[in-house]
Amino acid sequence: MTTLFISDLHLDPSRPAITDLFLRFLREDAPGADALYILGDLFEAWIGDDTPSPAADAVADAVKVLTDSGVAVFFMRGNRDFLLGEDYARRAGLRILPDPCVIELYGRAVMLQHGDLLCTDDIPYQQFRAQTRDPVFQAQFLSQPLAARIAFAQKARDASQARQSEMKQGDRAQFETVTDVAPAEVEATFVRHGVDTMIHGHTHRPAIHTLQAGGRSCTRIVLGDWYEQGSVLRVDADGWRLDSLKRE
Numbered sequence: 001m002t003t004l005f006i007s008d009l010h011l012d013p014s015r016p017a018i019t020d021l022f023l024r025f026l027r028e029d030a031p032g033a034d035a036l037y038i039l040g041d042l043f044e045a046w047i048g049d050d051t052p053s054p055a056a057d058a059v060a061d062a063v064k065v066l067t068d069s070g071v072a073v074f075f076m077r078g079n080r081d082f083l084l085g086e087d088y089a090r091r092a093g094l095r096i097l098p099d100p101c102v103i104e105l106y107g108r109a110v111m112l113q114h115g116d117l118l119c120t121d122d123i124p125y126q127q128f129r130a131q132t133r134d135p136v137f138q139a140q141f142l143s144q145p146l147a148a149r150i151a152f153a154q155k156a157r158d159a160s161q162a163r164q165s166e167m168k169q170g171d172r173a174q175f176e177t178v179t180d181v182a183p184a185e186v187e188a189t190f191v192r193h194g195v196d197t198m199i200h201g202h203t204h205r206p207a208i209h210t211l212q213a214g215g216r217s218c219t220r221i222v223l224g225d226w227y228e229q230g231s232v233l234r235v236d237a238d239g240w241r242l243d244s245l246k247r248e
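Just so we're aligned: the sequence shown equals residues 1 to 248 in full-length UniProt numbering.
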């Protein structure tokens, strides 16, 4: 049996081919798996479970078919869909996980997280993250009319894209450093939680890294994004491998 891990699909109406690829993955790849873990940024943006979205409806229906077949599907909120709530989770049959969390995977303790908590060099983002994860902020935001939420989300998205564009035009090496994980935080996380294996997304840099942390050999597995193709980590009792899924 196999457990599947994915993240950073960034499903959006502007990229219907990727939504189709994910729906095909749910129909053809995921059935029969031990479990499917979605480690954040399933959607490009999420401003409330009451937002009309045919794509989100199709995803919820397809995931529910999978969970009804007996495959457990776990979801961890990302930096794009941190407002995804219990109403949508119930519709889809998702089980929401805290970020981070440690699971037992074929006899091994494995830490799961979206990955943005590891990017501590990006101080403005960490400040924004702290603000938007505050329950008071979220309650106030979700109480606003849909039009106001859409406007706020678009403004935040434009500001983020402008900041990234400015950073790319400056010191490219600095941009790569700031938007990737901080090695010291990775090591501290391994030591703090007493694990030797970590799986995360967010950085869009798929790879399997081996490193030393707290005097132990550790493995950090980074999931890829779904902008041009699918990225899936398959784990079984014998090990793990990162695969790519091609669009039709």
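Using N, Cα and C, we set each Cβ at its ideal position, and we do this for glycine too.
Secondary structure in the region 31–70: the beta strand (DSSP E) runs of 3 residues or longer, each lying completely within the stretch, are 35–38 in chain order. For His200, the closest C-alpha among the options Val186, Thr67 and Ala147 is that of Val186.
Spatial neighbours of Thr51 in its own chain (CB-CB distance under 7 Å, excluding positions within 5 residues in sequence) are listed in chain order as Leu146. Ile123 has its alpha-carbon roughly 24 Å from the corresponding atom of Ile221.
Residue state for Thr19 is assigned as helix, using DSSP reduced to three classes.
Non-local C-beta neighbours of Gln212 in its own chain, meaning closer than 6 Å and more than five positions away in sequence, are absent. Of all C-beta pairs linking the region 92–100 to the region 67–78, three or more are shorter than 8 Å, placing the two stretches in contact. The region 177–197 makes contact with the region 217–232: 3 or more CB pairs, one atom from each, lie closer than 8 Å. Of Asp12, Phe82 and Tyr37, the smallest CA-CA separation from Pro54 is found for Asp12. For Asn79 against Asp116, the beta-carbon gap comes to about 5 Å, under 8 Å, which counts as contact. The straight-line gap separating the alpha-carbon atoms of Phe137 and Gln131 is approximately 7 Å. Comparing alpha-carbon positions, the option among Asp225, Leu4 and Asp57 lying closest to Asp41 turns out to be Asp225. Membership of His193 in any beta strand (DSSP E) is not indicated; the residue belongs instead to the alpha helix (DSSP H) covering Pro183 to His193.
In summary, Asp81 is buried, with 16 or more beta-carbon neighbours lying within 10 Å of its beta-carbon over all protein chains present.
For Thr132, the enclosing alpha helix (DSSP H) covers residues Ile123 to Thr132.
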